[in-house]
Amino acid sequence: MAGAYALPVENHSLPRTAAFFDLDKTVIAKSSTLTFSKSFYQGGLISRRAALRTAYTQFVFLAGGADHDQMERMREYLSALCKGWNVQQVREIVAETLHDLIDPIIYDEAASLIEEHHTAGRDVVIVSTSGAEVVEPIGEMLGADRVVATRMVVGDDGCYTGEIAYYAYGPTKAEAVRELAASEGYDLSRCYAYSDSATDVPMLSSVGHPHAVNPDRALRREAVQRGWPVLVFNRPVRLKQRLPALSMPTRPALVAAAVGAAAATAGLVWYASRRRGAARAATL
Numbered sequence: 001m002a003g004a005y006a007l008p009v010e011n012h013s014l015p016r017t018a019a020f021f022d023l024d025k026t027v028i029a030k031s032s033t034l035t036f037s038k039s040f041y042q043g044g045l046i047s048r049r050a051a052l053r054t055a056y057t058q059f060v061f062l063a064g065g066a067d068h069d070q071m072e073r074m075r076e077y078l079s080a081l082c083k084g085w086n087v088q089q090v091r092e093i094v095a096e097t098l099h100d101l102i103d104p105i106i107y108d109e110a111a112s113l114i115e116e117h118h119t120a121g122r123d124v125v126i127v128s129t130s131g132a133e134v135v136e137p138i139g140e141m142l143g144a145d146r147v148v149a150t151r152m153v154v155g156d157d158g159c160y161t162g163e164i165a166y167y168a169y170g171p172t173k174a175e176a177v178r179e180l181a182a183s184e185g186y187d188l189s190r191c192y193a194y195s196d197s198a199t200d201v202p203m204l205s206s207v208g209h210p211h212a213v214n215p216d217r218a219l220r221r222e223a224v225q226r227g228w229p230v231l232v233f234n235r236p237v238r239l240k241q242r243l244p245a246l247s248m249p250t251r252p253a254l255v256a257a258a259v260g261a262a263a264a265t266a267g268l269v270w271y272a273s274r275r276r277g278a279a280r281a282a283t284l
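The sequence shown lines up with residues 1 to 284 when you count with the working numbering.
The following block contains the structure:
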């Protein structure tokens, strides 16, 4: 029998899981990149005419979504528009205006889902076609664990060349999800994904729990045919106004708090047992 206890114990822990979120019109109510157009104009990066054009593009995007051809035209336009922009200036403008512009347009329903997935032990990954300089600060504000976003080529002068180094769009998003699953050990059959656009069908199809959020017509048809849940998010709210997220700590902080609470409880039990022992000794 002694030898039986020397046998190695198998690790039956479940594989890691994640929830993948598109950003624009899924987590926030507008296009993240186009939302900053006024700030870029005020910072001298774009002209008044360009600011008006991006405002119109935002309107079209909100009114009917964007199909593949529209997204391609938007990509070409934004790539040409940002050519010559100083990357550090872009980051500073985004940092200065992030909470004023993005905080009010975060869907309450999406923020709640992010919290629920974190509570369930899943990583939260933002997968967006918008640029990394915009998406990464938004992901940090939302408490995302990772961000996949479009990256522009930066020249030796610290400015955008107008070329794209990595385009997080369509099938590329699905590839990124699979690569993350391989590197992080995610079991995709137990993972979740959320998007509003039919262009993200490859990403949605790569997980076991896909969800269409405020879907465009093409994605709605696809979701109905495949039996995917369709969610409606329509309550943009500032994060500070959400009671559950008002002082929501990160998962490491939650673990530390749980360990601290357990230690405090153990201390109280030990102290109480000592008091009872001392009381019994005094009566003998």
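Built from N, CA and C at the ideal position, the CB exists for glycine as well.
None of the values given here were measured: they were computed from a predicted structure.
Any beta carbon from chain B within less than 9 Å of proline 229's own beta carbon? Absence of chain B from the displayed structure is noted, only one protein chain being present.
Rounded separation between valine 201 and valine 154 - CA only: Rounded to the nearest angstrom, the two C-alpha atoms are 30 Å apart.
When you compare only the Cα positions, how much space is there between aspartate 196 and valine 224? As the crow flies, the alpha-carbon of aspartate 196 is around 14 Å from that of valine 224.
Within the continuous alpha helix (DSSP H) that includes glycine 139, where are the two ends? Glycine 139: member of the alpha helix (DSSP H) spanning 132-142, first to last residue.
Mark proline 215 as exposed unless 16 or more other C-beta atoms lie within 10 angstroms of its C-beta, in which case mark it buried. Proline 215 is classed as buried because its beta carbon has at least 16 other beta carbons within 10 Å across all chains shown.
So, for alanine 165: in the same chain, excluding its five sequence neighbours on each side, which residues have a beta-carbon less than 7 Å away from its beta-carbon? Excluding the 5 residues flanking it on each side, alanine 165 has same chain C-beta neighbours closer than 7 Å at Arg151, Met152, Val153, in chain order.
According to DSSP, which residues form a beta bridge with valine 124? Residue pairing for valine 124: DSSP places it in a beta bridge opposite Ala19.
Taking Cβ positions, are valine 134 and threonine 33 nearer each other than 9 Å? Result yes, Cβ atoms of valine 134 and threonine 33 sit closer than 9 Å.
Uninterrupted alpha helix (DSSP H) stretches inside the stretch 166-219 (no shorter than 4 residues): DSSP runs (the alpha helix (DSSP H)) wholly in the stretch 166-219: 171-184, 201-205.
Specify whether the stretch 18-27 and the stretch 123-130 touch according to this definition: at least 3 beta carbon pairs, one from each stretch, less than 8 Å apart. Flag = yes, the stretch 18-27 and the stretch 123-130 touch.
Using only the alpha-carbon positions, how far apart do valine 255 and leucine 14 sit? For valine 255, the predicted model reports a pLDDT of 40, less than 50, meaning its position is unreliable; a value from the coordinates is still stated below. Valine 255 and leucine 14 have their C-alpha atoms roughly 18 Å apart.
Can the beta-carbon of leucine 51 be found less than 9 Å from the beta-carbon of phenylalanine 40? Here the sequence assigns alanine to residue 51, which means leucine is not the residue at that position. Taking a C-beta distance under 9 Å as the contact criterion, alanine 51 and phenylalanine 40 qualify as a contact pair.
For my contact list, glycine 170 and serine 79 are in at a C-beta cut-off of 8 Å; report their separation, rounded to the angstrom. Between glycine 170 and serine 79, the beta carbon gap of about 16 Å keeps them out of contact (Cβ cut-off 8 Å).
For aspartate 100, count the other beta carbons within 10 Å of its own beta carbon; 16 or more makes it buried, fewer makes it exposed. Which is it? Aspartate 100 is exposed by the Cβ-count criterion.
Starting from threonine 150, trace the beta strand (DSSP E) in both directions and tell me its first and last residue. 146-154 is the extent of the beta strand (DSSP E) around threonine 150.
Three-state secondary structure (DSSP) of threonine 161: Reduced to three states, the DSSP call for threonine 161 is strand.
Tell me which residues share the same chain as histidine 211 and place their Cβ nearer than 6 Å to its Cβ, disregarding the 5 neighbours each side in the sequence. Within the same chain, and ignoring the five residues on either side of histidine 211 in sequence, the residues whose Cβ sits closer than 6 Å to its Cβ are Tyr194, Pro229, Leu231.
Limits of the alpha helix (DSSP H) - the one that leucine 29 falls within: Here the sequence assigns alanine to residue 29, which means leucine is not the residue at that position. No alpha helix (DSSP H) contains alanine 29, which DSSP labels as neither H nor E.
What residue from Lys25, Ser31, Cys82, Thr26 has the CA that sits closest to glycine 44's CA? Closest by alpha carbon: Cys82.
Rounded C-alpha distance that separates alanine 176 from lysine 38: Alanine 176 and lysine 38 have their C-alpha atoms some 31 Å from each other.
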